[in-house]
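In this note's numbering, the protein residues as written are 4 to 185. Below is one structure, written out as structure tokens; the observations come after it.
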Amino acid sequence: MALREVILTVLARGEMTGYEITKDFEAVYVHFWRASHQQVYRELARLNKDSRVTVKVVAQEGRPDKKVYAITKRGLEELKRWIVAPTEPPRPQYDLLVKLLGSHVVERPAFHRELERIRARAQEWLNELRAMRRECLRGRSDWSEHDQILYLTLRRGLLLGQAQLRWLEEVSEFIESGKLPD
């Protein structure tokens, strides 16, 4: 997946300014996709050049003009092809796995500190996701299909976060005691 597909997905829901798209990234997509404001605007320019989006300049009184982006028919066709194309399973590339494999070259307490830092951050992330879940469930009765799909992405994050914490506890126990989990 590339930023291109993420932006087309966002615009398939309706017209948006670049600012609104980046706000969507900060609120929703940040949990599974990272992109800076500059990356979003660069990709919007490429999508416009490739006729996948259009841009409409809207004058604003006392403020700079704003650009409103919309997906084109060609952009929607590209998005449709991408959605039904085969998806590869997530890659297990994770720095901590390599650090664990090389941890024998440092003192155990030094590695354990790094492990605990990662575990604390994983717990913070899981707490954030749990808070989002509580907030989502408050308005559950009138969810749109899009809201339901967003909830499913949140559930994935929660399940991954729980699995990550459990695994980190097992690694921590091994580092402390040398005992492997059953």
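No residue lacks a Cβ here, since even glycine has one placed at the ideal position from N, Cα and C. Since this is a predicted model, take the numbers as computed values, not measurements.
Buried versus exposed call for V60 [16 or more other C-beta atoms within 10 Å across all chains shown]: By the neighbour-count rule (16 or more Cβ atoms within 10 Å), V60 is not buried but exposed.
For E46, count neighbouring Cβ atoms within 10 angstroms of its own Cβ and tell me buried if that reaches 16, exposed if not. Burial call: buried.
Where do the N-terminal and C-terminal ends of the alpha helix (DSSP H) with Y154 fall, by residue? From DSSP, the alpha helix (DSSP H) with Y154 extends over E148 to S180.
State the Cα-Cα distance for the pair V43 and T156, rounded to the nearest angstrom. Straight-line Cα distance between these residues: approximately 21 Å.
Does the region 103–119 come within contact of the region 145–155, defined as at least 3 CB pairs closer than 8 Å? Verdict: no, contact absent.
Contact under 7 Å by Cβ, T75 with R55: Closer than 7 Å, so yes.
From the DSSP output, which residues share a beta bridge with Y72? Beta-bridge partners assigned by DSSP to Y72: M19 and V58.
Exposed or buried, which one is G164 when buried takes at least 16 other CB atoms within 10 Å? So G164 counts as buried.
Nearest to V71 by CA position, among R116, V9 and E18, is which residue? Ranking R116, V9 and E18 by CA distance to the CA of V71 puts E18 first.
Does the region 111–130 come close enough to the region 78–93 to have 3 or more Cβ pairs within less than 8 Å? Contact fails: fewer than three Cβ-Cβ distances are below 8 Å.
According to DSSP, is R124 part of a helix, a strand, or is it coil? In this structure, R124 counts as helix in the three-state DSSP scheme.
With a Cβ-Cβ cutoff of 7 Å, do D68 and A62 count as a contact? Yes, the pair counts as a contact, with Cβ atoms nearer than the cut-off.
Helix, strand or coil for R66? Go by DSSP, reduced to three states. Strand, per DSSP.
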